[in-house]
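Please read the structure below before turning to the comments.
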Amino acid sequence: MFKAEIKSDTLKGLVNIISTLVDEAKFNVGEDGVNLKAVDPAHVAMVDLTIGKGAFESYSATGTEMGIDLDKMKEMLKLAGSGDVIDMEQDESQGRLIIKVGNITRRMNLVDTAGMNDPKVPQLSLPVNVDVAISELQRGMKAAESVSDHIALSADEEAFELFCEGDTDTVSLRLDRTKLAGLSASSKVKSLFPLDYFSNLVKAVPAETIVKISLGNDYPVKLSFSFADGNCVVGYLLAPRIEND
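With the first letter of the sequence shown counted as 1, position 233 gets the number 233 in the numbering used here; the numbers rise by one all the way through.
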């Protein structure tokens with residue numbers, strides 16, 4: 001059983017965060033909130049998302065699973081204005097999710113979750129943590145996108161750098177610790193990542209968010225952030241692109 005009300009801006013943010021990796025997702029619903037783990041089809045990136053009940057205007061649920069087509073949810077969300085409250089209720093007998101936006105009601109078939117496994121989140125102890133405003137990252141990615149198909153992230157005790165090298169041009173974004181919200185590093189680390197994936201993850205982060213970037217040498221990068229007054233907690237993991245010597 002699941003019945004809840006949520007602000008449209010919060011739901012739009014959640015759908016955007018998940019749909020950058022997958023078209024369909026399994027939501028694990030419990031009394032205290034909802035969680036989701038999903039890996040993109042190429043197994044390059046994953047998202048680990050927790051939505052506390054405080055993210056909702058009202059929330060009542062018992063343990064259940066819901067498979068949701070995110071494209072259909074996006075269609076419905078286009079009808080909602082900023083500040084609207086969206087009403088959602090699971091119809092278990094019909095296998096549907098009933099969504100109400102204002103005077104519009106959509107009864108949406110739920111997706112079969114039988115083939116959707118919960119991927120295991122690797123426990124990584126990464127030596128460098130950088131706290132950076134998402135606006136800085138998004139600006140850097142906008143500059144890098146036309147230059148190459150991969151991007152290097154590096155950091156040391158003094159600064160964080162995003163570097164992109166193509167056949168003819170290079171782009172770099174260097175932020176020393178005075179321009180960062182936080183920096184913890186005991187040594188220099190550097191890893192290379194597919195630019196399109198990293199760019200899509202960065203674009204999906206809500207505006208005015210501080211993102212924690214956790215890095216190691218040739219390790220996955222972890223992007224961690226929260227929104228909706230801390231009630232929605234997100235972790236992205238992106239596999240590195242290993243250079244051949």
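Using N, Cα and C, we set each Cβ at its ideal position, and we do this for glycine too.
In chain order, what residues of the same chain have a beta carbon less than 6 Å from the beta carbon of Phe311, not counting five sequence neighbours either side? No statement about residue 311 is possible, as the shown extent of the chain runs from 1 to 245 and does not include it.
Entirely within the stretch 178-213 and at least 4 residues each: give me those alpha helix (DSSP H) ranges in chain order. 195-204
Got a sec? Which residues, its chain only, sit under 8 Å from Arg139 by beta carbon, not counting five neighbours each side? Leu173
Neighbourhood of Asp149 by C-beta, 6 Å cutoff - its chain only, sequence neighbours within 5 removed: Leu195
What does the alpha-carbon distance come out to for the pair Asp245 and Met46? Residue confidence is low: Asp245 scores 46 on pLDDT, short of 50, so the model does not pin down where it sits. Its coordinate-derived value is still stated next. Cα to Cα, the separation comes out at about 27 Å.
Measure the CB-CB distance between Val189 and Ile134 and report whether it falls below 8 Å. no
Taking 8 Å as the cut-off, decide whether the C-beta atoms of Pro220 and Pro206 are in contact. no
Answer yes or no: does any C-beta atom of chain B fall closer than 8 Å to that of Phe2? Reference to chain B is not applicable here, since this structure consists of a single protein chain.
Does the separation of the CB atoms of Leu183 and Glu136 fall below 8 Å? no
For Ala248 and Asp229, I'd like the C-alpha separation in whole angstroms. With the chain running from 1 to 245 in the structure shown, residue 248 is simply not present.
Got a sec, what are the start and stop residues for the alpha helix (DSSP H) Asn28 sits in? Careful: Asn28 lies outside any alpha helix (DSSP H), inside the beta strand (DSSP E) at Glu24 to Gly30.
Which class does Gln90 belong to by DSSP, given the choice of helix, strand or coil? strand
First and last residue of the beta strand (DSSP E) that includes Gly67? For Gly67, the enclosing beta strand (DSSP E) begins and ends at Thr64 to Asp69.
What does Gly33 pair with, by DSSP beta-bridge criteria? Gly30 and Gly52
Local conformation of Leu14 per DSSP, three classes: helix
Between the stretch 21-33 and the stretch 57-64, can you find at least three pairs of beta-carbon atoms closer than 8 Å? yes
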